[in-house]
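Everything below concerns the one structure shown next.
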Amino acid sequence: MKFAIGIDLGGTHTAAAAVSHDGTILARAERELSDLEPDVVVDEIDRAFNEVLGALDSADCVGVGIGAPGNIDEKTGSVRFSPNFHWHDVPLRALLEKRIKHPLHILNDARCATLGEYLYGSGKGVSEFALLTLGTGIGGGFIAGGKLVIGAAMGAGEVGHHVIRPDTGFVCGCGKIGCFEAQASGMGLLRHALALAPSFPRSSLLTRKPPERWGTKMIRKAVMKGDEHASAAWQRFLADLALGVSNIIAFMNPAVIALGGGVGQTDKSVLAQPLTKLVDALTTMVPKGMTRIVSATLGNDAGMIGAAALAQAGGVSAIAHSLDGVPRQSSASATLAIAKSPR
Ligand SMILES: [Zn+2]
-19 MKFAIGIDLG
-9 GTHTAAAAVS
1 HDGTILARAE
11 RELSDLEPDV
21 VVDEIDRAFN
31 EVLGALDSAD
41 CVGVGIGAPG
51 NIDEKTGSVR
61 FSPNFHWHDV
71 PLRALLEKRI
81 KHPLHILNDA
91 RCATLGEYLY
101 GSGKGVSEFA
111 LLTLGTGIGG
121 GFIAGGKLVI
131 GAAMGAGEVG
141 HHVIRPDTGF
151 VCGCGKIGCF
161 EAQASGMGLL
171 RHALALAPSF
181 PRSSLLTRKP
191 PERWGTKMIR
201 KAVMKGDEHA
211 SAAWQRFLAD
221 LALGVSNIIA
231 FMNPAVIALG
241 GGVGQTDKSV
251 LAQPLTKLVD
261 ALTTMVPKGM
271 TRIVSATLGN
281 DAGMIGAAAL
291 AQAGGVSAIA
301 HSLDGVPRQS
311 SASATLAIAK
321 SPR
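Numbered by the working numbering, the letters in the sequence shown go through residues -19 to 323 in order.
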């Protein structure tokens, strides 16, 4: 069976999977990243790749897709800038081509996850779709007209850095104040809880762990149990998430917005349902209730599966949405459209 290998490059580990054309994972491997120096990262990608390839017939491998952090130069496959990795102009594809002899394609990791969720997860059955991964930051991606929107410089989907609270917000890692990701990521939830702590001296969060050891899972559990401090933090988080989501609806009018990352898996009675009400109240020109807000379904596999789909399709130009009035057509993109399963 033919397959592509999808590789997801995270801040603490890199994961690789061989994926068939219908999105099934045939083999997988994971390597820890002790260091984010490009040479070390390339070594570990190569090891994960070879472990997966060694489990299957390498002649069946049609290509390799890599979901990498930051902004990617489409022509050279270099990572122009990744604040999380502290990378500037790292020639990732050139470094990997010395090791990996299959066709290599590189795309931002959140866009890969968007592609994975769209083809095989929460975006199945629609052609207008957005993914927001709520983790340390907010990664995102858009599908419009059944194609991935990449933008003029591969920067479309960087929704984490649109400002929603310029006056009262938290300072973002990018240097601006009140970015969507500073307010409504998993880290944003923690910051809301910390900011509110002085008002809740009897908070169950404070009695359980010192604030520097709080995590979003613990806060979400406390919300489910009705803890007042956690619930107040959650309301602020939801209000900020709703602002960003309603902006995205105004920009893109997606049929489905999927929430990924750990926070995105929160029970819908606490997340999707109240969020939908808040978003409806903020939605003016687009008819209310037209966007379904759901949890992403592929978890951490979305990035690898999407990266493999990128390789199956034959690269970024085959999956990209062109806004210049000349839709890019290729047999690869046609295959991708047909391969998408109905809901
Ligand atoms: Zn920012």
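Think of the CB as a built atom: it goes at the ideal place given N, C-alpha and C, for glycine as much as any other residue.
_Length of the line joining the Cα atoms of Met270 and Ala235_ = Sequence index remark: in the sequence shown, residue 270 carries index 290 (1-based). Sequence index remark: in the sequence shown, residue 235 carries index 255 (1-based). A direct Cα-to-Cα measurement between Met270 and Ala235 gives close to 6 Å.
*Can you find a heavy atom of ligand 1 that lies under 7 Å from the Cβ of Lys156?*
For the purposes of this step, residue 156 is identified with residue 176 of the sequence shown, where counting begins at 1. Closer than 7 Å to some heavy atom of ligand 1: that describes the Cβ of Lys156.
*If we count the other Cβ atoms within 10 Å of its Cβ and call it buried at 16 or more, is Pro178 buried or exposed?*
Looking up residue 178 in the sequence shown gives position 198. It is exposed - the Cβ of Pro178 has fewer than 16 other Cβ atoms within 10 Å.
_Where Ser62 sits in the DSSP three-state scheme_ = Position 82 of the sequence shown, counted from the start, is the residue given in the question as residue 62. Ser62 carries a strand assignment under DSSP once its states are collapsed to helix, strand and coil.
*From the DSSP output, in three-state form, read off Cys159 for me.*
Start at 1 with the first residue of the sequence shown, and residue 159 comes out as number 179. Strand, per DSSP.
_Extent of the continuous alpha helix (DSSP H) to which Phe122 belongs_ = In the sequence shown, counting from the first residue as 1, residue 122 sits at position 142. Run containing Phe122: none in the alpha helix (DSSP H); it sits in the beta strand (DSSP E), 118 to 124.
*Look at Val70 and Ile(-13) and say whether their C-beta atoms are less than 8 Å apart.*
Translated into positions along the sequence shown, residue 70 becomes position 90. Translated into positions along the sequence shown, residue -13 becomes position 7. No, the pair does not count as a contact, with Cβ atoms beyond the cut-off.
*Bridge partners of Asp(-12), per DSSP?*
As a working mapping, residue -12 is identified with position 8 in the sequence shown. Bridge partners of Asp(-12): Ala(-5), Gly47.
*Mapping DSSP to helix, strand and coil, what is Ile299?*
Reading the sequence shown from its first residue, position 319 is the one you call residue 299. Correct three-state label for Ile299: helix.
_Inter-residue spacing [alpha-carbon to alpha-carbon] between Leu174 and Ser183_ = As a first step, residue 174 is located in the sequence shown; it is residue number 194 there, counting from the start. As a first step, residue 183 is located in the sequence shown; it is residue number 203 there, counting from the start. Going by C-alpha positions, Leu174 is about 11 Å away from Ser183.
*asked:* Check whether the stretch 222 to 236 and the stretch 254 to 262 touch, using three or more Cβ-Cβ pairs below 8 Å as the test.
replied: Flag = yes, the stretch 222 to 236 and the stretch 254 to 262 touch.
*For Asp69, name the three-state secondary structure that DSSP assigns.*
Counted from its first residue, the sequence shown places residue 69 at position 89. DSSP, read as helix, strand or coil, puts Asp69 in strand.
_Given this structure, state the Cα-to-Cα distance separating Ala276 from Thr187, to the nearest angstrom._
For the purposes of this step, residue 276 is identified with residue 296 of the sequence shown, where counting begins at 1. For the purposes of this step, residue 187 is identified with residue 207 of the sequence shown, where counting begins at 1. The straight-line gap from Cα to Cα measures roughly 32 Å.
*ligand 1 heavy atoms versus the CB of Gly153: any closer than 7 Å?*
Counted from its first residue, the sequence shown places residue 153 at position 173. Yes, since a heavy atom of ligand 1 falls inside the 7 Å radius drawn around the Cβ of Gly153.
*What runs of the alpha helix (DSSP H), each 4 residues or longer, lie entirely inside the stretch 67 to 118?*
Here the runs fully enclosed are 72 to 77, 89 to 100.
_Pick from Gly119, Thr196, Gln163 that is closest to Ala48, judged by C-alpha positions_ = Your numbering for residue 48 matches position 68 in the sequence shown. Among Gly119, Thr196, Gln163, the Cα nearest to that of Ala48 belongs to Gly119.
*ligand 1 heavy atom lying under 7 Å from the CB of Cys41*: Here residue 41 refers to the residue found at position 61 when the sequence shown is read from its first residue. Flag unset: Cβ of Cys41 not near ligand 1.
*asked:* Our contact map puts Gly158 next to Pro146 with C-beta atoms below 8 Å; I'd like the distance itself, whole angstroms only.
replied: Translated into positions along the sequence shown, residue 158 becomes position 178. Translated into positions along the sequence shown, residue 146 becomes position 166. About 5 Å separates the CB atoms of Gly158 and Pro146; that is less than 8 Å, so the two are in contact.
*At what residues does the alpha helix (DSSP H) containing Val203 begin and finish?*
Indexing the sequence shown from 1 puts residue 203 at position 223. Element bounds for Val203: 196 to 204.
*So what does DSSP say about Ala7, is it helix, strand or coil?*
Taking the first residue of the sequence shown as position 1, residue 7 is located at position 27. It is a strand residue.
*Identify whether Ile130 lies in helix, strand or coil by the three-state DSSP scheme.*
Walking along the sequence shown from the start, residue 130 turns up at place 150. The answer is coil: DSSP assigns Ile130 none of H, G, I, E or B.
*Going by DSSP, which residues form a beta bridge with Phe(-17)?*
As a position in the sequence shown, residue -17 is number 3, starting the count at 1. The partner list for Phe(-17) (beta bridge, DSSP) reads Cys41.
_Contact set for His(-7): own chain, Cβ-Cβ below 7 Å, skip 5 residues either direction_ = On the sequence shown, position 13 is the one that residue -7 refers to. Closer than 7 Å at Cβ, skipping near neighbours: Glu10, Arg11, Glu12, Leu13.
*Could you please give the first and the last residue of the uninterrupted alpha helix (DSSP H) stretch that includes Ser226?*
Here residue 226 corresponds to residue number 246 of the sequence shown, with the count starting at 1. Counted as a single uninterrupted DSSP element, the alpha helix (DSSP H) harbouring Ser226 occupies residues 208 to 232.
*Under the three-state DSSP convention, the category Glu192 falls into*: For this step, residue 192 is matched to residue 212 along the sequence shown. Helix.
*Does the Cβ of Gln253 have 16 or more other Cβ atoms within 10 Å, making it buried, or fewer, making it exposed?*
Within the sequence shown, the letter at position 273 stands for residue 253. Looking at its Cβ environment, which holds fewer than 16 other Cβ atoms inside 10 Å, Gln253 is exposed.
*Taking all protein chains shown into account, decide if Ser38 is buried (16 or more other Cβ within 10 angstroms of its Cβ) or exposed.*
Here the question's residue 38 lines up with position 58 in the sequence shown. By the neighbour-count criterion, in which 16 or more other beta carbons inside 10 Å mark a residue as buried, Ser38 falls on the exposed side.
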